[in-house]
Amino acid sequence: RQRSFHHTVAPSMDILVSSNLERMLYYMCDKDTRLIQMLMNDLQQWGAFEIPENVLAKIRSLFGCGWANEDQIREAIYDCWNKYKYVIDPHTACGFFVMQNIPHDESTPRVLLSTASPYKFPRVVAEALNIEHVQDMNDFKCMDALSKATGTKAPSMLRNLENKTPRFNDVINVEDMPEYVLAQAHNFAK
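Per my numbering, the very first residue in the sequence shown carries number 18; after that it's consecutive.
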């Protein structure tokens, strides 16, 4: 159903419609493009769609799910560091929390993949690890504090952004995007 958009400490979790939703449905619906088009049209027009029961059963047989609130995400970052000496980002922390808390068969191995560098979210991660004074630091100083506290190193591509000049400053409305993108593509082609 349609819902309002909320910013959280895990921005990729803030999406309203996942970019992978249509792809997942495509495979779960045995590549039935007419059904997918109907579902996506319903989603766009009504803000919801109803999945056929056989498709829903197939999805449920393959996927587990769960969620974590912001405090649980921070706790998961802290717990993962304390248990495994591995620094995780907020998105991975959501998965870590769910993996630790959903019932599972102990004989079945489980794998958690990190989805991003914790250095993309240095303030959230540093705060979760109780690194002092980060509230007074910019993100680059938070990276340095996180690196010092954990003995890990910020990726140079992120850390070096501090000395880079922004290439793009334009802010545009969604409805202006097609015209803007075409104009920019034309400019780059020159």
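Note that CB positions come from ideal geometry on N, CA and C, so glycine has one too.
- Secondary structure at Gly112: helix, using DSSP grouped into helix, strand and coil.
- Contact annotation: Cys111 and Tyr103 have beta-carbon atoms that are not nearer than 9 Å.
- Contact between Ala143 and Ala162 holds, with the beta-carbon distance rounding to 6 Å and staying under 8 Å.
- Bounds of the alpha helix (DSSP H) holding Gln89 are 87-101.
- Of the candidates Asn71, Ala27, Ser35, Asn147, Asn71 places its Cα closest to the Cα of Asp47.
- Note on Arg51: under 16 other CB atoms within 10 angstroms of its CB, so exposed under the neighbour-count rule.
- Between the region 113-120 and the region 86-93 there are three or more inter-stretch CB-CB distances shorter than 8 Å, so the stretches are counted as touching.
- In the three-state scheme derived from DSSP, where H, G and I count as helix and E and B as strand, Ala27 is classed as coil.
- At least 9 Å separates the beta-carbon of Ala27 from that of His150.
- Taking the Cβ atoms as the reference, Glu179 lies roughly 4 Å from Phe157, within the contact range of under 8 Å.
- In this model, Leu146 and Ile53 are separated by some 43 Å (Cα to Cα).
- Look at the beta carbons and you see the region 35-46 touching the region 68-82: at least three pairs across the two are nearer than 8 Å.
- Counting C-beta atoms within 10 angstroms of its own C-beta, Met194 has fewer than 16 neighbours from the protein chains shown and is therefore classed as exposed.
- In this structure, the straight-line span from the alpha carbon of Gln62 to that of Glu39 is close to 15 Å.
- Counting other Cβ atoms within 10 Å of its Cβ, Cys82 stays below 16 and is therefore classed as exposed.
- Taken atom to atom, the span from the alpha-carbon of Val128 to that of Ser173 is near 27 Å.
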